[in-house]
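I have placed the structure first, in the form of C-alpha coordinates, so that the comments after it can refer back to it.
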Amino acid sequence: MKVLIVDDIGYSCHYYARLVEKIGFTAITASSGYEAIKLLQTDNEIHVVLTDLVMSGMDGVDLFQQAQQVERYSDSGAVAPPQFILMTAVRPDKNPQDKNLQRIKLANELGFSKIMFKPLDQNELKQELNDMSLNVIHSTESEMVLDLYSPTQKVRQSVREIVEADNKEAASEFLKILLEEIANLKKYLKTS
(Lines of atoms letter the chains of each structure in order from A; the text may use other names.)
(Lines give C-alpha, C1' and ligand atoms only; values in the text may rest on other atoms or scores of the structure.)
Protein backbone atom coordinates (compact mmCIF):
# COMPACT_ATOMS: atom_id res chain seq x y z
CA MET A 211 0.00 0.00 0.00
CA LYS A 212 1.30 3.44 -0.89
CA VAL A 213 1.10 6.26 1.66
CA LEU A 214 1.48 9.94 0.76
CA ILE A 215 2.96 12.03 3.58
CA VAL A 216 2.19 15.75 3.37
CA ASP A 217 3.98 18.26 5.61
CA ASP A 218 5.52 21.63 4.81
CA ILE A 219 8.36 20.98 7.25
CA GLY A 220 10.98 18.97 5.37
CA TYR A 221 12.47 17.00 8.23
CA SER A 222 8.99 16.02 9.46
CA CYS A 223 8.09 14.76 6.00
CA HIS A 224 11.31 12.75 5.85
CA TYR A 225 10.86 11.37 9.37
CA TYR A 226 7.29 10.19 8.78
CA ALA A 227 8.20 8.70 5.39
CA ARG A 228 10.95 6.63 7.04
CA LEU A 229 8.53 5.60 9.78
CA VAL A 230 5.92 4.45 7.25
CA GLU A 231 8.58 2.50 5.33
CA LYS A 232 9.83 0.95 8.58
CA ILE A 233 6.27 -0.23 9.26
CA GLY A 234 6.34 -1.90 5.84
CA PHE A 235 4.55 0.38 3.39
CA THR A 236 5.67 2.46 0.43
CA ALA A 237 5.98 6.17 1.24
CA ILE A 238 6.07 9.21 -1.01
CA THR A 239 6.13 12.82 0.15
CA ALA A 240 4.76 16.22 -0.73
CA SER A 241 5.82 19.51 0.85
CA SER A 242 2.46 21.23 0.31
CA GLY A 243 -1.20 20.52 -0.25
CA TYR A 244 -0.85 21.72 -3.84
CA GLU A 245 1.96 19.24 -4.53
CA ALA A 246 -0.13 16.49 -2.91
CA ILE A 247 -3.08 17.22 -5.23
CA LYS A 248 -0.77 16.96 -8.25
CA LEU A 249 0.47 13.58 -7.03
CA LEU A 250 -3.08 12.35 -6.43
CA GLN A 251 -4.01 13.38 -9.97
CA THR A 252 -1.20 11.31 -11.46
CA ASP A 253 -0.79 8.36 -9.07
CA ASN A 254 -3.87 6.20 -8.54
CA GLU A 255 -1.93 3.80 -6.30
CA ILE A 256 -1.99 6.20 -3.34
CA HIS A 257 -4.46 4.72 -0.86
CA VAL A 258 -3.65 6.71 2.27
CA VAL A 259 -2.71 10.34 2.86
CA LEU A 260 -0.99 11.20 6.15
CA THR A 261 -1.21 14.99 6.33
CA ASP A 262 -0.30 17.70 8.78
CA LEU A 263 -3.12 20.04 9.78
CA VAL A 264 -1.27 23.35 9.80
CA MET A 265 0.52 24.12 6.54
CA SER A 266 0.97 27.33 4.60
CA GLY A 267 -1.30 27.81 1.60
CA MET A 268 -3.55 24.76 1.89
CA ASP A 269 -4.03 23.10 5.26
CA GLY A 270 -4.77 19.41 5.78
CA VAL A 271 -8.55 19.89 5.87
CA ASP A 272 -8.54 21.88 2.61
CA LEU A 273 -6.36 19.15 1.07
CA PHE A 274 -8.91 16.51 2.10
CA GLN A 275 -11.76 18.48 0.55
CA GLN A 276 -9.89 19.04 -2.72
CA ALA A 277 -8.76 15.39 -2.86
CA GLN A 278 -12.40 14.29 -2.85
CA GLN A 279 -12.82 16.12 -6.17
CA VAL A 280 -9.83 14.50 -7.91
CA GLU A 281 -10.93 11.95 -10.51
CA ARG A 282 -8.67 8.89 -10.47
CA TYR A 283 -8.87 5.84 -12.70
CA SER A 284 -7.21 2.46 -13.07
CA ASP A 285 -7.62 -0.24 -15.70
CA SER A 286 -10.64 -1.56 -13.78
CA GLY A 287 -12.41 1.82 -13.57
CA ALA A 288 -12.76 4.69 -11.13
CA VAL A 289 -10.54 4.70 -8.05
CA ALA A 290 -11.98 5.95 -4.76
CA PRO A 291 -10.34 8.89 -2.99
CA PRO A 292 -7.62 7.86 -0.53
CA GLN A 293 -8.21 7.47 3.18
CA PHE A 294 -6.88 10.36 5.27
CA ILE A 295 -5.05 10.55 8.59
CA LEU A 296 -4.70 14.03 10.08
CA MET A 297 -1.59 14.80 12.15
CA THR A 298 -1.60 17.73 14.52
CA ALA A 299 0.37 19.13 17.42
CA VAL A 300 -2.76 21.01 18.58
CA ARG A 301 -4.15 19.30 21.66
CA PRO A 302 -7.68 20.26 22.74
CA ASP A 303 -6.98 19.55 26.42
CA LYS A 304 -3.84 21.71 26.50
CA ASN A 305 -4.94 24.57 24.27
CA PRO A 306 -8.75 25.00 24.38
CA GLN A 307 -8.60 28.46 22.75
CA ASP A 308 -6.56 27.41 19.71
CA LYS A 309 -8.28 28.46 16.47
CA ASN A 310 -7.23 25.20 14.83
CA LEU A 311 -9.57 23.24 17.11
CA GLN A 312 -12.42 24.16 14.76
CA ARG A 313 -10.41 22.71 11.86
CA ILE A 314 -9.90 19.47 13.81
CA LYS A 315 -13.63 19.30 14.53
CA LEU A 316 -14.36 19.89 10.84
CA ALA A 317 -11.88 17.16 9.86
CA ASN A 318 -13.74 14.73 12.06
CA GLU A 319 -17.09 15.74 10.56
CA LEU A 320 -15.80 15.50 6.98
CA GLY A 321 -14.69 11.91 7.41
CA PHE A 322 -10.98 11.71 8.16
CA SER A 323 -10.23 8.09 9.02
CA LYS A 324 -8.11 9.07 12.01
CA ILE A 325 -6.82 12.14 13.84
CA MET A 326 -3.45 11.59 15.50
CA PHE A 327 -1.54 13.88 17.80
CA LYS A 328 2.14 14.61 17.36
CA PRO A 329 4.49 13.13 18.17
CA LEU A 330 2.83 10.14 16.52
CA ASP A 331 2.79 6.89 18.45
CA GLN A 332 4.54 4.38 16.18
CA ASN A 333 2.40 1.44 17.34
CA GLU A 334 -0.83 3.38 16.87
CA LEU A 335 0.24 4.45 13.37
CA LYS A 336 1.24 0.88 12.51
CA GLN A 337 -2.14 -0.44 13.66
CA GLU A 338 -4.04 2.24 11.74
CA LEU A 339 -2.08 1.64 8.52
CA ASN A 340 -2.50 -2.12 8.84
CA ASP A 341 -6.26 -1.66 9.28
CA MET A 342 -6.37 0.64 6.26
CA SER A 343 -4.36 -1.88 4.28
CA LEU A 344 -7.00 -4.51 5.03
CA ASN A 345 -9.67 -2.09 3.76
CA VAL A 346 -7.71 -1.70 0.53
CA ILE A 347 -7.37 -5.46 0.14
CA HIS A 348 -11.07 -6.06 0.86
CA SER A 349 -12.13 -3.39 -1.62
CA THR A 350 -9.95 -4.88 -4.34
CA GLU A 351 -11.13 -8.40 -3.54
CA SER A 352 -14.70 -7.26 -4.05
CA GLU A 353 -13.68 -6.10 -7.52
CA MET A 354 -11.86 -9.41 -8.11
CA VAL A 355 -8.54 -7.62 -8.50
CA LEU A 356 -5.35 -9.16 -7.14
CA ASP A 357 -3.60 -7.02 -4.55
CA LEU A 358 0.02 -6.79 -5.71
CA TYR A 359 1.21 -4.05 -3.36
CA SER A 360 2.86 -6.32 -0.79
CA PRO A 361 4.92 -8.48 -3.21
CA THR A 362 5.83 -5.45 -5.31
CA GLN A 363 6.78 -3.55 -2.17
CA LYS A 364 9.07 -6.39 -1.05
CA VAL A 365 10.80 -6.54 -4.43
CA ARG A 366 11.33 -2.77 -4.48
CA GLN A 367 12.63 -2.83 -0.91
CA SER A 368 15.07 -5.63 -1.77
CA VAL A 369 16.33 -3.76 -4.83
CA ARG A 370 16.74 -0.56 -2.79
CA GLU A 371 18.74 -2.41 -0.11
CA ILE A 372 21.00 -4.09 -2.67
CA VAL A 373 21.68 -0.80 -4.48
CA GLU A 374 22.30 1.09 -1.22
CA ALA A 375 24.74 -1.63 -0.14
CA ASP A 376 26.43 -1.39 -3.56
CA ASN A 377 26.52 -5.20 -3.69
CA LYS A 378 26.97 -6.29 -7.32
CA GLU A 379 27.05 -10.00 -6.45
CA ALA A 380 23.72 -9.80 -4.61
CA ALA A 381 22.28 -7.73 -7.47
CA SER A 382 23.30 -10.38 -10.00
CA GLU A 383 21.85 -13.21 -7.89
CA PHE A 384 18.61 -11.30 -7.26
CA LEU A 385 18.22 -10.58 -10.99
CA LYS A 386 18.76 -14.27 -11.78
CA ILE A 387 16.00 -15.25 -9.34
CA LEU A 388 13.65 -12.61 -10.70
CA LEU A 389 14.18 -13.80 -14.28
CA GLU A 390 13.42 -17.38 -13.22
CA GLU A 391 10.22 -16.25 -11.52
CA ILE A 392 9.22 -14.19 -14.56
CA ALA A 393 9.64 -17.33 -16.68
CA ASN A 394 7.38 -19.21 -14.24
CA LEU A 395 4.74 -16.48 -14.50
CA LYS A 396 4.90 -16.58 -18.30
CA LYS A 397 4.37 -20.38 -18.24
CA TYR A 398 1.43 -19.93 -15.90
CA LEU A 399 -0.16 -17.31 -18.15
CA LYS A 400 0.24 -19.52 -21.23
CA THR A 401 -1.55 -22.43 -19.53
CA SER A 402 -4.41 -20.26 -18.23
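The sequence shown begins at 211 in my numbering and counts up by one. Here a beta-carbon is modelled for each residue, glycine too, at the ideal position from N, C-alpha and C.
>> Counting C-beta neighbours from all protein chains within 10 Å, is the total for glutamate 338 16 or more, i.e. buried, or is it exposed?
In response: buried
> Secondary structure at glutamate 351, three-state DSSP: helix, strand or coil?
Replying inline: Low confidence applies here, because glutamate 351 scores a pLDDT of 49, under 50, leaving its location unreliable; read the following figure in that light. Helix, per DSSP.
> For the putative contact between valine 216 and leucine 296, defined by C-beta atoms under 8 Å, what is the C-beta separation to the nearest angstrom?
Replying inline: Going by Cβ atoms, the distance from valine 216 to leucine 296 rounds to 10 Å, so no, they are not a contact pair.
> At which residue ranges does the segment 266-352 contain complete alpha helix (DSSP H) runs of 4 or more residues, listed in the order of the chain?
Replying inline: 270-277, 310-320, 332-352
> What do you reckon, are the CB atoms on leucine 214 and valine 259 nearer than 8 Å?
Replying inline: yes
> Do you know whose CA, among Leu335, Phe294, Lys212, Lys396, lies nearest glutamate 179's CA?
Replying inline: This structure cannot speak to residue 179, because the chain is shown only from 211 to 402.
> If you compare alpha carbons, which of Leu311, His257, Lys378, Thr261 is closest to tyrosine 244?
Replying inline: Thr261
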